[in-house]
Every structure is written in structure tokens, then in C-alpha cells.
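Each residue of the sequence shown is one higher than the one before, counting from 499 in the working numbering. The structure appears right after this line, and notes come after that.
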Amino acid sequence: DIDRLSYVKQNGRYPNNDALYEAALQIMMEKYAGKEGWTYPAYYLAVLYNTQGNDWKNSKNNNFRLKYKEAYALCSQIVDRYPNSAINTYAQQLQREITSPSVQLKVQSQQYPNFPILALSQYRNIDNIYLFTCNVDEKYIDKLKEEREDAEFSDFINKTPVKKQEIQLAVSPDYQSYSSEVKVDEL
């Protein structure tokens with residue numbers, strides 16, 4: 499049933515394709531309620547919700563904003579109710595994907611000494627950004643630009659910071675990505 503339903507969703511050209519797919523999965527979940535077979539439509543519904551959550555900002559559909567939470571909750575039900583099911587590993591992986599933290603800071607290439615820096619932060623599933631400023635010479639920076647290997651960054655991590663800063667971010671428990679401008683202390 500799931501394979502056939504997935505085929506129709508992928509190849510069908512209906513204006514309300516997702517809504518029809520969601521309704522069909524919910525019917526299947528009711529049909530298999532209390533049985534391990536319930537995990538398959540529940541997982542596929544969680545994947546649909548994850549995709550919709552991912553499309554929230556692009557689609558401008560505010561109903562998609564909380565879809566990550568719905569996907570995570572469905573995966574939790576799968577893991578809790580049927581810990582030995584075949585789909586359990588996939589549900590746990592989807593939960594890890596939904597809750598994985600990420601952060602990116604963008605600053606202009608030209609900064610002035612003794613002035614604060616305005617940076618654009620794009621973040622997901624984090625509360626704070628911790629910044630550490632270290633003294634490096636141009637030779638070291640050139641080496642980083644050339645190699646860009648994790649081994650090179652381990653040298654950087656072991657340097658003693660000259661300055662430390664913690665930036666508090668607006669917290670939203672919906673697992674979505676957000677962006678804001680943050681003030682980085684002057685160098």
C-alpha cells in the first residue's frame with residue numbers, strides 16, 4: 499500500500515497532492531492502529547511533515563511552520579511504541595536530522611579596528627553563539643585558506659583566546675532556521 503501511495507504522490511499532478519497523500523497516510527494509520535504496521539504510514543507522514551517544515555519559508559505557508567515539531571512527535575511515537583520495528587532506525591535518524599544544530603555567521607570582508615562588527619547569523623536549534631578571538635598572523639591565515647582541512651582547524655582551536663563573547667539568540671522551539679543581525683565586539 500505504501501509503495502503504491504508513494505508512486506501516486508510522486509507521479510500525480512494534483513493541485514492538492516500533499517493534502518491527499520497526508521489524508522491517505524492518516525487513513526492507513528487508523529487501519530493499522532495498535533499494530534506494528536502502523537509505523538510505516540506514520541514514518542512516511544513524518545517525512546512529509548519534515549519536507550513541509552523545510553519548505554516553510556519558501557512557501558510562505560504559515561501552517562508549515564510547526565511541521566518539524568509534528569514530524570518529531572510522530573517519530574517519538576514510533577520509537578516509544580515499537581522500539582524493535584524495522585522503521586525505528588529511520589525514525590531516530592529523522593529525529594536527529596530535525597534537532598541537529600547549525601550556525602553560520604556572515605560578516606563583510608572589510609572591518610575597522612576598534613569598531614563593533616555587524617554580522618548576519620543564521621541558526622537552527624541553538625540558544626547561544628560563543629565567539630573566541632585569537633591572534634594569528636597572515637602566514638597562518640594563508641595556510642588555512644589553502645588547506646581547509648579539519649586537522650588545520652584543530653591548531654586554531656588550541657590557541658589561547660584574546661577575547662571571548664557570548665551572544666544570546668531568540669529561542670524558538672519549532673526546530674526552524676532563523677536569522678538575525680548580531681553585534682560582535684570590536685577587535
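Every residue, glycine too, gets a C-beta built ideally from N, C-alpha and C.
When the options are compared against residue i, the one with the closest alpha-carbon
i: Ala571; options: Asn560, Gln590 and Asn582; result: Gln590
i: Ile624; options: Lys637, Ser607, Gln602 and Gly532; result: Gln602
i: Val605; options: Val506, Lys529, Val682 and Met526; result: Val682
i: Lys657; options: Ile639, Asn633 and Glu644; result: Asn633
i: Leu592; options: Asn515, Lys643, Tyr542 and Lys661; result: Tyr542
i: Tyr530; options: Lys558, Lys507, Pro513 and Ile500; result: Ile500
i: Glu595; options: Phe613, Gln608, Trp554 and Tyr566; result: Tyr566
i: Pro539; options: Leu523, Trp554 and Tyr610; result: Leu523
i: Lys662; options: Leu685, Lys643 and Pro611; result: Leu685
i: Glu483; options: Ala544, Lys533 and Gly532; result: The structure shown has nothing for residue 483, since the chain only spans 499 to 685.
i: Glu664; options: Ile585, Thr631 and Ile655; result: Thr631
i: Lys533; options: Ile576, Phe613, Asn509 and Glu679; result: Ile576
i: Gln674; options: Ser574, Ser598, Val506 and Tyr505; result: Ser598
Alpha-carbon spacing of residue i relative to residue j, whole angstroms
i: Ile627; j: Lys637; result: 27 angstroms
i: Asp578; j: Thr587; result: 12 angstroms
i: Ala517; j: Phe562; result: 12 angstroms
i: Glu492; j: Arg502; result: The structure shown does not extend to residue 492, since the chain spans only 499 to 685, so no value can be given for it.
i: Gly535; j: Tyr512; result: 28 angstroms
i: Lys555; j: Gln620; result: 13 angstroms
i: Lys668; j: Leu629; result: Before going on, a small fix: residue 668 reads as Ala here, not Lys. Roughly 17 angstroms separates the two Cα atoms.
i: Glu528; j: Asn552; result: 26 angstroms
i: Ser600; j: Ser677; result: 11 angstroms
Helix, strand or coil at residue i [DSSP, three-state]
i: Glu636; result: helix
i: Thr658; result: coil
i: Glu684; result: coil
i: Tyr676; result: strand
Proximity of residue i and residue j at Cβ, strictly below 8 angstroms
i: Asp672; j: Leu546; result: no
i: Ser583; j: Thr537; result: yes
i: Glu679; j: Leu642; result: no
Residue i at chain C interface by Cβ criterion, 8 angstroms
i: Ala544; result: Of the protein chains in the structure, only one exists, and it is not chain C.
Near the ligand PLP: residue i beta-carbon under 7 angstroms from a heavy atom
i: Asp516; result: With respect to the ligand PLP, the structure offers nothing, as it holds no ligand at all.
For the stretch 565 to 643, list the beta strand (DSSP E) runs that are entirely contained and at least 3 residues long, ordered along the chain.
Qualifying beta strand (DSSP E) stretches, in chain order: 600 to 604, 615 to 622 and 626 to 631.
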